[in-house]
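Residues in the sequence shown are numbered from 1 upward in steps of one, following the UniProt record's numbering.
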Amino acid sequence: MRITIGDYLIARLKELKIKHIIGVPGDFNLQFLEQIKATEGIEFVGTTNELNGAYAADGYARSHGISALCITYGVGDLGAIGGVAGSSAEHIPVIVISGAPPLYAMKENYKVHHSLADGDFSNINDVYREFTACQVNITPENASFEIDRAIVTALRTRKPVNIQMPSNITYLTIETDMEYLAPVRPSSDPERLKSALEKTVKMYKAAKRPVVLVDMDVDRLKMTDLLGEWIEKTRVPFAAMSTGKAILSEQHSLYLGAYKGDDSDSGVQDRVENADFLLCVSPRFIEWNSGQYSVNLPEDKMVRLVRDYVIIGEEDFEGIYGNDLMEEILNNLTDRQEEETIEKPEVEKFQLEKNKKLSHKDFWKQIGGFLKEGDMIFGETGTSNHALMSMRLPSKSTYVGSQIWGAIGFTLPAYFGSMLADPDRRQLLFIGDGSFQVTAQEFSTILRHKQNPIIFLINNDGYTIERYIMGMDAEYNDIAPWKYTKLHEVMAKSSQMNTFEVSSQGELEEAMKKAEKATEGILIEVHMDPEDAPEALKKFGPTVAKFNFGERGPEQEVPESGNSINE
């Protein structure tokens, strides 16, 4: 059959059940957008800028499994790169489609706009090569092969890929049989898989204190159900890294708590580090999720499942895939452990004091009663993320944050993208005023698409997380005061948003009651003292300062510039 190059790409995206292509129109991608417009079952959804578009595509993929982002060459590519890099760090597959200058212009090294006007079209690819798993430049000769290669790479690696499509070829036809995409994952070498299973069985049968350690790749590599079923069969307890929060239920009787090295929940560090069988899926430790690299895992007792290889003890097993070994473990290693009695932390019951001023200590206890089973919860970097990390979320919840990339402002556009992908699920956003201002334009996109968000905006007059790292009273940690509850009137000609400003427990309680019954969107602005923060953040800030800047000495004399060296 013959099909245009643009329609071929659209058909492949529809095959992945992608219903929305997120992005920003630009002169080099308009022909492709026309082809999207003419296709049933898929639509283009514009965002206010490319960075927010990249964040929104990330959020869409968090709900749907994969997403597509369409931007224009040069300015669009580089505008989006911060978000694309975040998706790479967090192992989120996003298909980035970049409308490029006409093929003849690139072949003949024309000096064009959206470039450095030097005829060099390789520099954008050079940038994307560092942050995507695959970069392809489409021509009529290679279109079907390269499009398929990029998409399969995204599915296999769980990372973004970049498809650069010249503006003048999207409507050209190519010959293709449109077979289904190649299998996402090749099969493992049978003998190596058998050998890995035998070694795992031997290690497990000798163990008295086995543990499972969960990180984000349990979700990214689609092992959640496999691992959960194995835990149910064997009754092996599990802990989670902060980057693997709520992937398996935090309400489960076998959940030990959060493992973060020296910063772990009570008793968890000892249980994990003294396990004689530790099953984990490609854990990645950074300073934030490891108690400043204080982890001490029993490597000789570990079974590490990685996407395309496995490490058992000190032996590497190339040629086998983590999912394959997990399936073999589930089918062949079902000896039931004597179930431990795991003490659950006491949750202090919230006592409403209507006139009491809101504080982080009480606010998050009050929020605990508002969260429901099955919620999708977005926690912005800063006070919200640190508080939610310290809470045990309801069962079947999903937690989303920029856990490794740490981009402030990420959650607002990501929240939009996630609601676009799964509009029937209850989704909540907790975000600070400083982060909100970074990507606030996407609030208008939420209103434009008549979504019904539930947003808790923590107004603490600036960057509280930064204040606890350095500069508690510094002006650089202040932001402009906005009238957040009026924004919907500015950003939409007509809006049914319900907005509330609360500063006491009673006001918050009334707002949440109305939110429970509302059929429109909700924004609750929560006023907090600028120096108030969750206990976890109060501890985190000085630790980060020490890591970033070392031991800081006494205040030095103020230089002539008027700024203290240590301010």
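Ideal Cβ positions, reconstructed from N, Cα and C, are used throughout, including at glycine.
By how many angstroms is the C-alpha of residue j removed from the C-alpha of residue i?
{"i": "residue 364", "j": "residue 470", "result": "25 Å"}
{"i": "residue 60", "j": "residue 232", "result": "30 Å"}
{"i": "residue 3", "j": "residue 173", "result": "5 Å"}
{"i": "residue 420", "j": "residue 45", "result": "9 Å"}
{"i": "residue 441", "j": "residue 267", "result": "44 Å"}
{"i": "residue 21", "j": "residue 333", "result": "43 Å"}
{"i": "residue 16", "j": "residue 68", "result": "10 Å"}
{"i": "residue 18", "j": "residue 125", "result": "25 Å"}
{"i": "residue 354", "j": "residue 505", "result": "5 Å"}
{"i": "residue 202", "j": "residue 386", "result": "40 Å"}
{"i": "residue 424", "j": "residue 177", "result": "36 Å"}
{"i": "residue 509", "j": "residue 150", "result": "49 Å"}
{"i": "residue 557", "j": "residue 465", "result": "Annotation note: pLDDT 42 at residue 557 (below 50); position unreliable, coordinate value reported separately. Their Cα atoms are separated by approximately 27 Å."}
{"i": "residue 428", "j": "residue 362", "result": "19 Å"}
{"i": "residue 336", "j": "residue 265", "result": "26 Å"}
{"i": "residue 485", "j": "residue 409", "result": "18 Å"}
{"i": "residue 249", "j": "residue 222", "result": "16 Å"}
{"i": "residue 135", "j": "residue 163", "result": "6 Å"}
{"i": "residue 579", "j": "residue 371", "result": "With the chain running from 1 to 567 in the structure shown, residue 579 is simply not present."}
{"i": "residue 274", "j": "residue 296", "result": "9 Å"}
{"i": "residue 343", "j": "residue 255", "result": "10 Å"}
{"i": "residue 220", "j": "residue 272", "result": "23 Å"}
{"i": "residue 26", "j": "residue 472", "result": "42 Å"}
{"i": "residue 246", "j": "residue 236", "result": "17 Å"}
{"i": "residue 14", "j": "residue 64", "result": "13 Å"}
{"i": "residue 376", "j": "residue 389", "result": "14 Å"}
{"i": "residue 12", "j": "residue 407", "result": "31 Å"}
Taking CB distances under 8 Å as the criterion, tell me whether residue i reaches chain B.
{"i": "residue 478", "result": "In summary, chain B is missing from the structure at hand, where a single protein chain is found."}
For a quick check, are the C-beta atoms of residue i and residue j less than 8 Å apart?
{"i": "residue 47", "j": "residue 75", "result": "no"}
{"i": "residue 589", "j": "residue 496", "result": "Shown here, the chain extends from 1 to 567; a query on residue 589 therefore has no answer."}
{"i": "residue 456", "j": "residue 526", "result": "yes"}
{"i": "residue 5", "j": "residue 140", "result": "yes"}
{"i": "residue 303", "j": "residue 282", "result": "no"}
{"i": "residue 316", "j": "residue 309", "result": "yes"}
{"i": "residue 534", "j": "residue 383", "result": "yes"}
{"i": "residue 278", "j": "residue 213", "result": "yes"}
{"i": "residue 475", "j": "residue 498", "result": "no"}
{"i": "residue 357", "j": "residue 188", "result": "no"}
{"i": "residue 584", "j": "residue 312", "result": "Lying before the first or after the last residue shown, residue 584 is absent from the chain, which here runs from 1 to 567."}
{"i": "residue 540", "j": "residue 292", "result": "no"}
{"i": "residue 432", "j": "residue 458", "result": "yes"}
{"i": "residue 72", "j": "residue 121", "result": "no"}
{"i": "residue 269", "j": "residue 259", "result": "yes"}
{"i": "residue 467", "j": "residue 531", "result": "yes"}
{"i": "residue 9", "j": "residue 169", "result": "no"}
{"i": "residue 288", "j": "residue 85", "result": "no"}
{"i": "residue 51", "j": "residue 82", "result": "yes"}
{"i": "residue 138", "j": "residue 165", "result": "yes"}
{"i": "residue 239", "j": "residue 228", "result": "no"}
{"i": "residue 167", "j": "residue 132", "result": "no"}
{"i": "residue 492", "j": "residue 500", "result": "no"}
Could you name the residues that DSSP lists as bridge partners for residue i?
{"i": "residue 67", "result": "94"}
{"i": "residue 376", "result": "398 and 427"}
{"i": "residue 134", "result": "None, per the DSSP bridge assignment."}
{"i": "residue 262", "result": "260"}
{"i": "residue 499", "result": "523"}
{"i": "residue 318", "result": "309"}
{"i": "residue 466", "result": "Looking at the DSSP assignment, residue 466 forms no beta bridge with any residue, so it has no partner."}
{"i": "residue 432", "result": "458"}
{"i": "residue 100", "result": "166"}
{"i": "residue 4", "result": "173"}
{"i": "residue 255", "result": "238"}
{"i": "residue 504", "result": "357"}
{"i": "residue 43", "result": "20"}
Write down the C-beta distance between residue i and residue j rounded to the nearest angstrom, noting that I regard them as a contact closer than 8 Å.
{"i": "residue 320", "j": "residue 447", "result": "Between residue 447 and residue 320 the Cβ distance is about 49 Å, and since that is not below 8 Å, they are no contact."}
{"i": "residue 55", "j": "residue 413", "result": "4 Å"}
{"i": "residue 350", "j": "residue 369", "result": "6 Å"}
{"i": "residue 378", "j": "residue 347", "result": "Contact doesn't hold; Cβ gap of about 22 Å is too wide."}
{"i": "residue 32", "j": "residue 99", "result": "6 Å"}
{"i": "residue 487", "j": "residue 443", "result": "6 Å"}
{"i": "residue 261", "j": "residue 216", "result": "Rounded, the Cβ-Cβ distance is 17 Å, inconsistent with contact."}
{"i": "residue 477", "j": "residue 529", "result": "Contact flag wrong, Cβ pair sits at about 14 Å."}
{"i": "residue 479", "j": "residue 434", "result": "5 Å"}
{"i": "residue 35", "j": "residue 7", "result": "6 Å"}
Below 7 Å, is the gap between the Cβ of residue i and the nearest heavy atom of the ligand ADP?
{"i": "residue 486", "result": "The ligand ADP is not among the ligands present in this structure, which contains no ligands whatsoever."}
Contact between the segment 206-213 and the segment 176-192: three or more CB pairs below 8 Å?
Taking a contact to require three or more Cβ pairs closer than 8 Å, the segment 206-213 and the segment 176-192 do not qualify as touching.
How do the segment 82-95 and the segment 153-161 stand: do at least 3 beta-carbon pairs fall below 8 Å, yes or no?
The segment 82-95, when compared against the segment 153-161, does touch it at the 8 Å Cβ threshold.
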